[in-house]
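Participant: Okay, here's the structure, questions in a sec.
2 protein chains.
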Amino acid sequence: MSGYQIRYLESQEREDVDIFNTIKTRRTVRDFKPDPIPKDIVHKLLQTARWSPSSSNTQPWHFVAVQNRETIKKLGEIATQGSFIGNAPLIIVVVMDRAFRPGVDAGRAIQQMELYAWSEGMGTCFVGFREVDQQRQVKELLNIPQEMELITTLPFGYRIGRPKGQGVPRKPMSEIAHSESFGNPYSPD
Amino acid sequence: MSGYQIRYLESQEREDVDIFNTIKTRRTVRDFKPDPIPKDIVHKLLQTARWSPSSSNTQPWHFVAVQNRETIKKLGEIATQGSFIGNAPLIIVVVMDRAFRPGVDAGRAIQQMELYAWSEGMGTCFVGFREVDQQRQVKELLNIPQEMELITTLPFGYRIGRPKGQGVPRKPMSEIAHSESFGNPYSPD
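The listed protein sequences derive, respectively, from chains A and B. Sequential numbering from 1 applies to the first sequence in my numbering. Sequential numbering from 1001 applies to the second sequence in my numbering.
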């Protein structure tokens, strides 16, 4: 951002619009306000997924936006490893259809949604289904063809208060980043 | 952004800082200025990857930042499907190590880098390696353990001019987004 902008933005507000700081301050969120997500925000969330890049522009994805309380409650019962999704006002189910790189393409769309959601005061937490039987149940509940690949039932809701602390710890940069060649630890200097 | 902020931002500048518009205006970039990427920007790019969420916070990734011209030239020769990477001033190689969800975790980190890069006037284009022999060559060149999973050699560079047009076409929203249940086309109204 230019100095011109910075002068006119309060520091907390600036943090919310600058993309680097959005990425830096984002936290995984499992507790949501019960408030429904306005229609125009749901639409923008789906747009951020739709505009994501994909392998050879195949767009091999489907997004099911669930807001019905009964359906969300049932999804929370199936998701024993992430039952908190049952309290989210919105779940976007991500499904891949004959994708060459289902994980990468889905991951990029998911992250666009997560960052946009964060900038709107919302949060999310990835919930996958490792058990084949759970996947079958989710697909049956939502009428998703069984042959498609269920990636996640991604909950969205407004955050309760500001996140505290530093978030989950990260490995040191020198352990995961390498300079020019693997094994040569990256250093910012 | 609040109305307060919007009043003080010129429309083009606002487009660059607002995360929704960053996502909306982002394009895949294959032509780069030869200008090197400043050290602090490389560092911030790696930070955006490091701060990405991952399955059970396993952080199963490695990022190799390559700026050596000879190495980049060789990567461009190996990447016959994306030889333009040979002209990028920076390549970040993404490698996953015993990841449960290598694609999704990599995709989320990649997208954080891509969006931050875009906000800095840079661009990128996903280049993967479908051929086992190409993967072997990249790993040998960069000393990456052969058992790790090579996801992409992601080029970064400053964009040449403003992108023209609408970008690659997207499927209609009603084709990929569903309301409450698969097969019930989503409509914004």
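Backbone N, C-alpha and C define an ideal beta-carbon position, used for all residues, glycine too.
Along the stretch 1059-1071 of chain B, what residues have a CB closer than 8 Å to any CB found in chain A?
Facilitator: Listed by position along the chain: Q1059, W1061, H1062, F1063, V1064, A1065, V1066, Q1067, N1068, T1071.
Participant: Which residues in the same chain have their Cβ closer than 6 Å to the Cβ of S1054 (chain B), if we skip the five residues on either side of it in sequence?
Facilitator: D1105.
Participant: Roughly how many whole angstroms lie between the Cα atoms of T1028 (chain B) and T1124 (chain B)?
Facilitator: Their backbone Cα atoms lie some 6 Å apart in a straight line.
Participant: Taking only runs that begin and end inside the stretch 1142-1174 of chain B, name each unbroken beta strand (DSSP E) of 3 or more residues, in chain order.
Facilitator: Listed in chain order, the complete beta strand (DSSP E) runs (minimum 3 residues) inside the stretch 1142-1174 of chain B are 1149-1158.
Participant: Using the Cα positions of L45 (chain A) and R1170 (chain B), report the straight-line distance between them to the nearest angstrom.
Facilitator: Whole-angstrom Cα-Cα distance: 15 Å.
Participant: Let me know the secondary structure DSSP gives S1193 (chain B) once reduced to three states.
Facilitator: The structure shown does not extend to residue 1193 (chain B), since chain B is modelled only from 1001 to 1189, so the question has no answer here.
Participant: Compute the Euclidean distance between the alpha carbons of F63 (chain A) and V1094 (chain B), then round it to the nearest angstrom.
Facilitator: If I take the Cα positions, the gap works out to 27 Å.
Participant: Let's see if you can read the secondary structure: which residues bound the alpha helix (DSSP H) around F63 (chain A)?
Facilitator: Element bounds for F63 (chain A): not the alpha helix (DSSP H) but the beta strand (DSSP E), 61-66.
Participant: Measuring only between beta-carbons, confirm whether D35 (chain A) sits less than 8 Å from chain B.
Facilitator: No, D35 (chain A) does not count as interfacial toward chain B.
Participant: If we ignore side chains and look at the alpha-carbon of each, how far apart do S1011 (chain B) and D1097 (chain B) end up?
Facilitator: The pLDDT assigned to S1011 (chain B) is 43, lower than 50, so where the model puts this residue is not dependable, and the model offers no usable value.
Participant: With a threshold of 8 Å on Cβ separation, who are the neighbours of N1184 (chain B) within its own chain once the five nearest residues in sequence on each side are excluded?
Facilitator: Answer for N1184 (chain B): H1178, listed in chain order.
Participant: Please tell me whether N21 (chain A) has its Cβ less than 8 Å away from any Cβ of chain B.
Facilitator: No, because no Cβ of chain B sits closer than 8 Å to the Cβ of N21 (chain A).
Participant: How about G1103 (chain B) and P102 (chain A): do their beta carbons lie closer than 8 Å?
Facilitator: Contact flag set, yes.
Participant: With I78 (chain A) as the anchor, note down where its alpha helix (DSSP H) starts and where it stops.
Facilitator: Element bounds for I78 (chain A): 69-78.
Participant: Is there a Cβ from chain A that is less than 8 Å from the Cβ of L1090 (chain B)?
Facilitator: No, no contact with chain A.
Participant: Identify, in the order they occur along the chain, each residue of the same chain with its Cβ nearer than 8 Å to the Cβ of I1023 (chain B), setting aside the five sequence neighbours on each side.
Facilitator: Excluding residues within five positions, the ones whose Cβ falls inside 8 Å are L1115.
Participant: Is the shortest distance between the beta-carbon of V1138 (chain B) and the beta-carbons of chain A less than 8 Å?
Facilitator: Output row for V1138 (chain B): interface = no.
Participant: Could you name the residues of chain B that D103 (chain A) contacts, counting a contact when the two beta carbons are closer than 7 Å?
Facilitator: The question names Asp, but residue 103 (chain A) is Gly in the sequence shown. Here the neighbours are R1101, P1102, G1103, V1104, G1107.
Participant: How is G1121 (chain B) classed by DSSP in three states: helix, strand or coil?
Facilitator: Reduced to three states, the DSSP call for G1121 (chain B) is coil.
Participant: If you draw a straight line from the C-alpha of K73 (chain A) to the C-alpha of G1157 (chain B), how long is it?
Facilitator: About 46 Å.
Participant: Taking only beta carbons into account, state which residues of the stretch 1162-1176 of chain B come closer than 7 Å to chain A, listed in chain order.
Facilitator: So the list reads V1168, R1170, K1171, M1173, I1176, given in the order they occur along the chain.
Participant: Leaving out five residues before and five after R159 (chain A) in sequence, what residues of the same chain have Cβ atoms less than 7 Å from its Cβ?
Facilitator: So the qualifying residues of the chain are V29, G121, M122, G123.
Participant: Spatial neighbours of S83 (chain A) within its chain, please: C-beta separation below 8 Å, excluding the five flanking residues on both sides.
Facilitator: So the list reads G76, E77, once near-sequence residues are dropped.
Participant: For a cutoff of 8 Å on Cβ pairs, would you count R1030 (chain B) as touching chain A?
Facilitator: Chain A contact via Cβ: absent.
Participant: Can you list, in chain order, the residues of its chain with a C-beta nearer than 7 Å to that of T1080 (chain B)? Leave out the 5 residues immediately preceding and following it.
Facilitator: Here the set comprises nothing.
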